[in-house]
Every structure is written in C-alpha cells, then in structure tokens.
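Participant: In the numbering used here, the protein residues as written are 6 to 414. We treat Cβ as the ideally placed atom computed from N, Cα and C, and that holds for glycine.
Below, the structure written as structure tokens:
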C-alpha cells in the first residue's frame, strides 16, 4: 500500500500519519489526496486562526464560505467522486471544526441527498447542478419543535393541496399550502430554499417541498443560547400559510419511507463527522502533552497520560474502521438502516469518551479555547444527538437483530 500523497507541490507525506493508524488513507487515489491536501492547506491557513473567536461569539465566519465553495470539493473530478473521497472530505473538515463540517454537509450531504433521492429525474436535471456548485443553497428541514425522535409518526407540519383556478391537473399545476414549524435547521438563514417535509392532510402521508426562504409566511429565527456547535447558525422556522407550487414538490417523496431512505444515507456522513472530531481532539491533546511540562518532564512522558492517549487512538481507529467499511458497503449499493445506525451510534459513543479524555489530559487548559480541545469537547455533544440519538439508533439495530420493534407506538 502506498503511504504518500500527491499534492500540487509533488509527492509528500501522508495526510493522516498518526490519527489514521491503520492507513485507511491508502484507499484514496493520488487525485483524491491532492484535493484533500488543498482543503487541509485552506483550513490550516484561513480557517483555524478564526475558529476560537467565532466560536466564542456564536457566529459563523461567513468570509470562509466563498473560498470553501470555490475549492470545488463536492465533485472535483471528471468522473463522479467516490464515496471514500466524500468520507475523508468530511473527516478533514470535522478534524478542523464540527461546525464547518456540519455547514458543508448540510449542502453536500443533507440537501444533496434530498434531491438525489426525493426529486424526479426532470427535477434532478434542473436542480442538481446548482446543488453541486452551491448556486442553489438548501437545507434539510425535518425536525420540529415538539418532534425529533418521534418525527416519523409525530410530524405535525401540514400541507394542503389547492388545484389551479382553471382546473388544470397536469404536472406542475396547483399549489400547496404549508402550516407548521421546524427547529434546529442549520444554515437556514443563508439558504435559498428550505427542503420542508410536511404531512398531506388529504392522505396523511409525508411529502417534501422546496420552499423559497423569502416566500410570504416564512419566518426564520436564529436559536440563541447554544453551548455546542456555536458557530453553526441553527434556526427556528415558522411556516404560516406558505404557498408552494406543485412543481417545487419533491415528486419521489410519497411517504415517510422515502424520507427514511434519505436518513439511511445521511447517517453515514454524521459517523464520519464523529470520527473526524475524535481526530481533531486527539491531535490537539497529543500536541499539548508533548510540549507541556510538569514536575520537570513533559506530560507525554507519564504512564497515565500515555494510557489515555492509547485509548483515544483505539477509539479513533475503531471508528475510522467502521466508517470506511460502511462506505465500502454503500458504494456497492447496500444501504441498510441497521448498518448506518450502528456506525452513527458507536462512533458517537466513542467520540464522547475520546473528547473527554482529550480534555482531561490537557488539564485546566482543556476548558479554554486556546488549546482547541474545549471546542471539540463541547461540539461533540450536539453530534452525539443529531441524526438519531444513541437510543434511537440502538433500537434500529436491535430491531434488525431480534426481528422485534421496541419503538413505542
């Protein structure tokens, strides 16, 4: 297996020699590593110097958005990008900052998957180019103020169809009226469209719509007071009599089963984020203990510190092995609920321990933003819960194991 990466400057060292202990990076091709190296350079030089300040202020560094989009990370090759590249792109973003990874995957993962799975072929031809180049920015709007884990049966936002006054019934005719609210929608304030899921009052089934963020009746409010993912701008969205043309309905979404197919694909992205967060926290902690002196020695020379470093690396290596294998399965067309649920559940569980150990070995400085680990430690709590809590994902796996559903009804 090769252990080098090709960059614009030529052949250099591996991108992840320490956090990628078993060299999963070797599965990447030279062109893929070159794109990731360019992303690494941007993140190190342009993003990292801003993170602590913007995290503390609870604001997103908007000046990074344009240059990050200009890197053309979503589909940078002549042929469609491979899944392993997409995974390591998320890993690289998350090992720098969870909000940056969440912001990018809101478009490249959540919104793109909604279009890929939920839109008709004609709609995809119209919308997908704009999704890829960010000229059509969208967000995935599913969670509601009173419904998160129980969203499948509890989704309360409604959609009521009205035919055209002239009686037209052809494709694209008629209008939908949306009423309800969505919550925790990241990036909504800067999106062009909101991908809203609502229950059709006529048949009780869930359908999807692309809603103009500036349409009459749409109110987007920033959620304040967060202690995690502070840079990510999450929103509460109110939909009051919002009119959406039939042409903007996702024509392949006819029930929550279609939404579940999207979630099945997207949970793997969150597992990559959880893995990348571990890498960032581990690397920050390792760098700190190599420099910090106590009792006339570096912290890295103490047995108990080395044991914690080894546990962190074990968690990270196990997580990376999980997401790489899941990626291989999905690249072969196998998208099972229990597989993505297991990966999200376990990587998030290990992430929680890893960031706690990272904060621990850094000591009192571990609660300051200067040492980086505090940011990873706090942000991990949000990732632990979103895209399915630990309990929900465990029940999905348990159902597959036993053939019995333990979900409440």
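Which runs of the beta strand (DSSP E), 3 residues or longer, sit entirely within the region 117–179?
Facilitator: As far as the region 117–179 is concerned, its whole beta strand (DSSP E) runs of at least 3 residues are 143–146, 163–167.
Participant: Would you tell me roughly how many angstroms separate the C-alpha atoms of residue 139 and residue 301, rounded to the nearest one?
Facilitator: Indexing the chain shown from 1 puts residue 139 at position 134. Indexing the chain shown from 1 puts residue 301 at position 296. Between residue 139 and residue 301, the C-alpha separation is close to 53 angstroms.
Participant: For residue 235, tell me which candidate among 143, 56, 182, 77 has the shortest Cα-Cα distance.
Facilitator: Reading the chain shown from its first residue, position 230 is the one you call residue 235. Minimum Cα distance to residue 235 is reached at 56.
Participant: Name the one or two DSSP bridge partners that residue 241 has.
Facilitator: The residue you call residue 241 lines up with position 236 of the chain shown. 188, 226.
Participant: Spatial neighbours of residue 390 within its chain, please: C-beta separation below 8 angstroms, excluding the five flanking residues on both sides.
Facilitator: Taking the first residue of the chain shown as position 1, residue 390 is located at position 385. Contacts found: none.
Participant: The alpha helix (DSSP H) that contains residue 285, what's its start and end?
Facilitator: Against the chain shown, residue 285 aligns to sequence position 280. Run containing residue 285: 261–296, per the alpha helix (DSSP H) assignment.
Participant: Going along the chain, which residues of its own chain have a beta-carbon closer than 7 angstroms to the beta-carbon of residue 353, five neighbours each way excluded?
Facilitator: Taking the first residue of the chain shown as 1, we reach residue 353 at position 348. Excluding residues within five positions, the ones whose Cβ falls inside 7 angstroms are 279, 388, 389, 395.
Participant: So residue 198 and residue 218 are supposed to be a Cβ contact under 8 angstroms. How far apart are they, rounded?
Facilitator: The sequence position of residue 198 within the chain shown is 193, counting from 1. The sequence position of residue 218 within the chain shown is 213, counting from 1. Yes, residue 198 and residue 218 are in contact; Cβ-Cβ is about 6 angstroms, under 8 angstroms.
Participant: If distances are taken between C-alpha atoms only, which option among 283, 94, 119, 290 comes closest to residue 109?
Facilitator: Position 104 of the chain shown, counting from 1, holds the residue named residue 109. Out of 283, 94, 119, 290, 94 has the C-alpha closest to the C-alpha of residue 109.
Participant: Please classify residue 91: is it buried, with 16 or more other beta-carbons within 10 angstroms of its beta-carbon, or exposed?
Facilitator: Residue numbering aside, residue 91 sits at position 86 when the chain shown is read from its first letter. Buried, by the Cβ-count rule.
Participant: In angstroms with no decimal places, state the Cα-to-Cα distance between residue 357 and residue 207.
Facilitator: Position 352 of the chain shown, counted from the first residue, corresponds to residue 357. Position 202 of the chain shown, counted from the first residue, corresponds to residue 207. The straight-line gap from Cα to Cα measures roughly 44 angstroms.
Participant: Taking the straight line between their C-alpha atoms, what separation do you get for residue 121 and residue 344?
Facilitator: Along the chain shown, one-based indexing puts residue 121 at 116. Along the chain shown, one-based indexing puts residue 344 at 339. Approximately 20 angstroms, taken between the alpha carbons.
Participant: Give every residue of the same chain whose Cβ lies closer than 6 angstroms to the Cβ of residue 346, excluding the five residues on either side of it in the sequence, and list them in chain order.
Facilitator: In the chain shown, residue 346 corresponds to position 341, counting from 1. Counting only Cβ-Cβ distances below 6 angstroms, and skipping sequence neighbours, we find 398, 401, 402.
Participant: Is residue 118 near residue 350, with beta carbons less than 8 angstroms apart?
Facilitator: On the chain shown, residue 118 is found 113 positions in, with the first residue counted as 1. On the chain shown, residue 350 is found 345 positions in, with the first residue counted as 1. No; because the gap between Cβ atoms is not below 8 angstroms, this pair is not in contact.
Participant: I'd like to know whether the C-beta atoms of residue 294 and residue 309 end up nearer to each other than 8 angstroms.
Facilitator: Counted from its first residue, the chain shown places residue 294 at position 289. Counted from its first residue, the chain shown places residue 309 at position 304. For residue 294 and residue 309, no; Cβs fall outside 8 angstroms.
Participant: With respect to the beta strand (DSSP E) encompassing residue 202, which residues constitute its N-terminal and C-terminal limits?
Facilitator: Translated into the one-based positions of the chain shown, residue 202 becomes position 197. Element bounds for residue 202: 198–205.
Participant: May I ask you to list the residues that DSSP assigns as paired with residue 213?
Facilitator: Counted from its first residue, the chain shown places residue 213 at position 208. Answer is 202.
Participant: Spatial neighbours of residue 367 within its chain, please: CB distance less than 7 angstroms, with the 5 preceding and 5 following residues excluded, ordered by chain position.
Facilitator: Your numbering for residue 367 matches position 362 in the chain shown. If we look at residue 367 and ignore the five residues flanking it on each side, its Cβ neighbours are 290, 293, 376, 378.
Participant: Terminal residues of the continuous alpha helix (DSSP H) containing residue 401?
Facilitator: Position 396 of the chain shown holds residue 401. Counting along the chain, the alpha helix (DSSP H) containing residue 401 begins and ends at 395–407.
Participant: Which residue's Cα is closest to the Cα of residue 187: 99, 78, 228, 69?
Facilitator: Sequence index remark: in the chain shown, residue 187 carries index 182 (1-based). That would be 228, whose Cα lies nearest to the Cα of residue 187.
Participant: Our contact map puts residue 1 next to residue 282 with C-beta atoms below 8 angstroms; I'd like the distance itself, whole angstroms only.
Facilitator: Residue 1 falls outside the range modelled here, since the chain spans only 6 to 414, and no answer is possible.
Participant: Using 10 angstroms around the beta-carbon of residue 381, count the other beta-carbons present and answer buried if the total reaches 16, otherwise exposed.
Facilitator: Here residue 381 is taken as the residue at index 376 of the chain shown, counted from 1. By the 10 Å Cβ count, residue 381 comes out buried.
Participant: Pull up the distance between the alpha-carbon of residue 70 and that of residue 128, whole angstroms please.
Facilitator: As a first step, residue 70 is located in the chain shown; it is residue number 65 there, counting from the start. As a first step, residue 128 is located in the chain shown; it is residue number 123 there, counting from the start. One C-alpha to the other measures close to 26 angstroms.
Participant: Which residue's Cα is closest to the Cα of residue 180: 123, 243, 269, 247?
Facilitator: Taking the first residue of the chain shown as position 1, residue 180 is located at position 175. Ranking 123, 243, 269, 247 by Cα distance to residue 180 puts 247 first.
Participant: Nearest CA to the CA of residue 415: which residue from 40, 365, 145, 230?
Facilitator: An answer regarding residue 415 cannot be provided, because it is not within the stretch 6 to 414 covered by the chain.
Participant: Ignoring anything shorter than 4 residues or poking outside the region 27–85, list the alpha helix (DSSP H) runs there in chain order.
Facilitator: Here the runs fully enclosed are 35–47, 53–62, 70–75.
Participant: Nearest-angstrom Cα distance between residue 298 and residue 317?
Facilitator: In the chain shown, residue 298 corresponds to position 293, counting from 1. In the chain shown, residue 317 corresponds to position 312, counting from 1. The straight-line gap from Cα to Cα measures roughly 21 angstroms.
Participant: Let me know the alpha helix (DSSP H) ranges lying completely inside the region 310–388, each 4 residues or longer, listed in chain order.
Facilitator: Within the region 310–388, the complete alpha helix (DSSP H) runs of at least 4 residues are 342–367.
Participant: Could you check the C-alpha separation between residue 133 and residue 335 for me, to the nearest Å?
Facilitator: As a first step, residue 133 must be located in the chain shown, where it is residue number 128. As a first step, residue 335 must be located in the chain shown, where it is residue number 330. When rounded, the distance between both Cα atoms is 21 angstroms.
Participant: Of the choices 348, 150, 410, 182, whose alpha-carbon is the least far from that of residue 221?
Facilitator: Against the chain shown, residue 221 aligns to sequence position 216. That would be 182, whose Cα lies nearest to the Cα of residue 221.
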